[in-house]
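Visitor: In full-length UniProt numbering, the protein residues as written are 1 to 144. The following block contains the structure, expressed as C-alpha coordinates.
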(Lines of atoms letter the chains of each structure in order from A and count residues from 1; the text may use other names and numbers.)
(Lines give C-alpha, C1' and ligand atoms only; values in the text may rest on other atoms or scores of the structure.)
Protein backbone atom coordinates (compact mmCIF):
# COMPACT_ATOMS: atom_id res chain seq x y z
CA UNK A 1 0.00 0.00 0.00
CA UNK A 2 1.22 3.47 -0.82
CA UNK A 3 0.61 6.44 1.51
CA UNK A 4 1.05 10.04 0.44
CA UNK A 5 3.24 12.05 2.80
CA UNK A 6 4.56 15.60 3.13
CA UNK A 7 7.81 15.70 5.09
CA UNK A 8 8.64 19.15 6.46
CA UNK A 9 11.06 17.81 9.06
CA UNK A 10 14.33 17.18 7.28
CA UNK A 11 14.37 13.75 8.96
CA UNK A 12 14.23 10.59 6.90
CA UNK A 13 10.74 9.21 6.34
CA UNK A 14 9.61 6.58 8.86
CA UNK A 15 10.68 3.10 7.86
CA UNK A 16 10.64 -0.47 9.12
CA UNK A 17 13.79 -1.39 11.07
CA UNK A 18 13.45 -5.11 10.29
CA UNK A 19 11.58 -7.12 7.66
CA UNK A 20 8.97 -8.27 10.20
CA UNK A 21 8.45 -4.94 11.99
CA UNK A 22 4.86 -3.76 12.29
CA UNK A 23 5.75 -0.23 13.45
CA UNK A 24 7.82 2.56 11.99
CA UNK A 25 9.71 4.99 14.24
CA UNK A 26 8.57 8.61 14.35
CA UNK A 27 11.20 11.26 15.01
CA UNK A 28 11.00 14.59 16.82
CA UNK A 29 10.96 17.62 14.51
CA UNK A 30 12.45 20.14 16.92
CA UNK A 31 15.43 22.50 16.65
CA UNK A 32 16.50 22.32 20.29
CA UNK A 33 16.02 19.88 23.15
CA UNK A 34 12.70 19.76 25.00
CA UNK A 35 12.92 18.89 28.69
CA UNK A 36 10.08 16.75 30.04
CA UNK A 37 9.88 17.08 33.81
CA UNK A 38 8.45 14.22 35.88
CA UNK A 39 4.71 13.80 35.15
CA UNK A 40 4.87 16.48 32.43
CA UNK A 41 3.25 15.90 29.05
CA UNK A 42 4.05 17.68 25.79
CA UNK A 43 2.98 17.48 22.16
CA UNK A 44 6.09 16.78 20.11
CA UNK A 45 5.89 17.63 16.38
CA UNK A 46 7.12 15.20 13.73
CA UNK A 47 6.95 17.42 10.64
CA UNK A 48 4.93 14.70 8.86
CA UNK A 49 1.54 15.09 7.17
CA UNK A 50 -0.05 11.94 5.75
CA UNK A 51 -2.96 10.94 3.52
CA UNK A 52 -4.18 7.46 4.40
CA UNK A 53 -6.60 5.60 2.13
CA UNK A 54 -10.17 5.14 3.37
CA UNK A 55 -10.49 2.07 5.57
CA UNK A 56 -7.06 2.59 7.18
CA UNK A 57 -5.81 4.26 10.35
CA UNK A 58 -2.41 5.02 11.80
CA UNK A 59 -1.84 4.13 15.45
CA UNK A 60 0.75 6.07 17.43
CA UNK A 61 2.31 3.87 20.10
CA UNK A 62 5.11 4.11 22.66
CA UNK A 63 8.60 2.87 21.95
CA UNK A 64 9.30 0.05 24.38
CA UNK A 65 12.90 1.12 25.02
CA UNK A 66 11.89 4.65 26.05
CA UNK A 67 9.16 3.27 28.29
CA UNK A 68 11.37 0.68 29.96
CA UNK A 69 14.60 2.68 30.32
CA UNK A 70 13.22 6.18 30.97
CA UNK A 71 9.49 5.97 31.80
CA UNK A 72 8.57 7.89 28.63
CA UNK A 73 5.33 6.83 26.95
CA UNK A 74 2.58 8.01 24.64
CA UNK A 75 -0.22 9.30 26.85
CA UNK A 76 -3.24 8.49 24.66
CA UNK A 77 -1.88 5.16 23.53
CA UNK A 78 -2.60 4.18 20.95
CA UNK A 79 -3.33 7.53 19.42
CA UNK A 80 -5.49 7.17 16.33
CA UNK A 81 -4.87 9.07 13.09
CA UNK A 82 -7.98 8.82 10.91
CA UNK A 83 -7.86 8.65 7.10
CA UNK A 84 -9.45 12.10 6.76
CA UNK A 85 -6.95 13.91 9.06
CA UNK A 86 -4.55 16.20 7.18
CA UNK A 87 -2.76 18.02 10.00
CA UNK A 88 0.74 17.44 11.27
CA UNK A 89 1.37 14.21 13.17
CA UNK A 90 2.25 15.11 16.76
CA UNK A 91 3.06 12.74 19.59
CA UNK A 92 1.71 13.30 23.11
CA UNK A 93 4.62 12.19 25.29
CA UNK A 94 4.48 11.94 29.07
CA UNK A 95 7.33 11.43 31.52
CA UNK A 96 6.20 8.90 34.14
CA UNK A 97 9.62 8.74 35.80
CA UNK A 98 11.05 10.76 38.70
CA UNK A 99 13.83 12.22 36.52
CA UNK A 100 13.82 14.90 33.81
CA UNK A 101 14.10 13.56 30.26
CA UNK A 102 15.46 15.46 27.27
CA UNK A 103 13.92 14.94 23.85
CA UNK A 104 16.65 15.82 21.35
CA UNK A 105 16.16 16.89 17.73
CA UNK A 106 15.56 13.83 15.49
CA UNK A 107 15.12 11.47 18.47
CA UNK A 108 12.91 8.45 17.82
CA UNK A 109 9.95 9.24 20.08
CA UNK A 110 7.16 6.81 19.13
CA UNK A 111 6.18 4.23 16.59
CA UNK A 112 3.41 4.28 14.02
CA UNK A 113 1.45 1.23 12.88
CA UNK A 114 -0.79 1.57 9.82
CA UNK A 115 -3.73 -0.83 9.96
CA UNK A 116 -6.89 -1.66 8.08
CA UNK A 117 -10.08 -1.24 10.08
CA UNK A 118 -13.73 -2.16 9.72
CA UNK A 119 -16.75 0.10 9.79
CA UNK A 120 -19.78 -1.32 11.56
CA UNK A 121 -23.50 -0.96 11.17
CA UNK A 122 -25.48 -1.41 14.39
CA UNK A 123 -28.20 -4.05 14.65
CA UNK A 124 -30.14 -2.88 17.70
CA UNK A 125 -31.48 -5.83 19.74
CA UNK A 126 -33.32 -6.55 23.00
CA UNK A 127 -30.96 -9.38 24.01
CA UNK A 128 -27.60 -10.88 23.04
CA UNK A 129 -26.58 -14.50 22.45
CA UNK A 130 -25.37 -16.34 25.57
CA UNK A 131 -21.70 -17.30 26.03
CA UNK A 132 -19.75 -19.19 28.71
CA UNK A 133 -18.14 -15.92 29.82
CA UNK A 134 -21.38 -13.97 29.89
CA UNK A 135 -21.01 -10.57 31.55
CA UNK A 136 -17.75 -11.46 33.35
CA UNK A 137 -15.50 -8.42 33.08
CA UNK A 138 -12.40 -7.09 34.80
CA UNK A 139 -10.64 -9.83 36.73
CA UNK A 140 -13.37 -12.41 36.24
CA UNK A 141 -10.89 -15.21 35.50
CA UNK A 142 -8.86 -14.57 38.69
CA UNK A 143 -5.78 -12.58 39.63
CA UNK A 144 -3.04 -14.99 38.56
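Virtual Cβ for every residue (Gly too), placed ideally from N, Cα, C. Small disclaimer: the values here were computed from a predicted structure and weren't measured.
When the Cα of residue 39 is compared with those of 9, 100 and 14, which residue comes out closest?
Guide: Position 39 of the chain shown, counted from the start, is the residue given in the question as residue 39. The shortest Cα separation from residue 39 among 9, 100 and 14 belongs to 100.
Visitor: The alpha helix (DSSP H) that contains residue 69, what's its start and end?
Guide: The sequence position of residue 69 within the chain shown is 69, counting from 1. 64 to 70 is the extent of the alpha helix (DSSP H) around residue 69.
Visitor: Throw me the rounded Cβ distance for the residue 113 and residue 93 pair, which I believe falls under 8 Å.
Guide: For this step, residue 113 is matched to residue 113 along the chain shown. For this step, residue 93 is matched to residue 93 along the chain shown. 17 Å between Cβ atoms; not a contact.
Visitor: According to DSSP, what are the bridge partners of residue 79?
Guide: Here residue 79 corresponds to residue number 79 of the chain shown, with the count starting at 1. DSSP, once it has assigned bridges, lists 60 as partnering residue 79.
Visitor: Check the DSSP bridge columns for residue 13 and list the partner residues they point to.
Guide: Taking the chain shown and counting its residues from 1, one reaches residue 13 at position 13. DSSP, once it has assigned bridges, lists no residue as partnering residue 13.
Visitor: One question on the structure: do residue 11 and residue 97 come within less than 8 Å of each other, judged by their Cβ atoms?
Guide: Residue numbering aside, residue 11 sits at position 11 when the chain shown is read from its first letter. Residue numbering aside, residue 97 sits at position 97 when the chain shown is read from its first letter. No, Cβ-Cβ distance for residue 11 and residue 97 is not below 8 Å.
Visitor: Classify residue 148 as helix, strand or coil using the three-state DSSP reduction.
Guide: The question about residue 148 has no answer here: the residues shown for the chain are numbered 1 through 144.
Visitor: Is residue 53 helix, strand or coil when you go by DSSP?
Guide: On the chain shown, residue 53 is found 53 positions in, with the first residue counted as 1. Residue 53: coil per DSSP, three-state reduction.
Visitor: What does the Cβ neighbour count give for residue 33, buried or exposed, with the cut at 16 atoms within 10 Å?
Guide: Translated into positions along the chain shown, residue 33 becomes position 33. Burial call: exposed.
Visitor: Return the first residue and the last residue of the beta strand (DSSP E) that residue 88 is part of.
Guide: As a position in the chain shown, residue 88 is number 88, starting the count at 1. It spans 88 to 95 - the beta strand (DSSP E) in which residue 88 sits, taken as one unbroken run.
Visitor: Look at the Cβ atom of residue 111, then the Cβ atom of residue 23, and state whether they are nearer than 8 Å.
Guide: Counted from its first residue, the chain shown places residue 111 at position 111. Counted from its first residue, the chain shown places residue 23 at position 23. Yes, they are a contact pair.
Visitor: Using CA atoms only, rank isn't needed, just tell me which of 42, 41, 18 and 52 is closest to residue 4.
Guide: Position 4 of the chain shown, counting from 1, holds the residue named residue 4. Residue 4 has its Cα closest to that of 52, out of 42, 41, 18 and 52.
Visitor: In its own chain, which residues sit with a C-beta less than 8 Å from the C-beta of residue 1, not counting the 5 before and 5 after it?
Guide: Taking the first residue of the chain shown as 1, we reach residue 1 at position 1. Closer than 8 Å at Cβ, skipping near neighbours: 53, 56 and 114.
Visitor: Which whole-angstrom value describes the C-beta separation of residue 50 and residue 91, a residue pair presumed to lie in contact below a C-beta threshold of 8 Å?
Guide: One-based indexing of the chain shown puts residue 50 at position 50. One-based indexing of the chain shown puts residue 91 at position 91. Going by Cβ atoms, the distance from residue 50 to residue 91 rounds to 14 Å, so no, they are not a contact pair.
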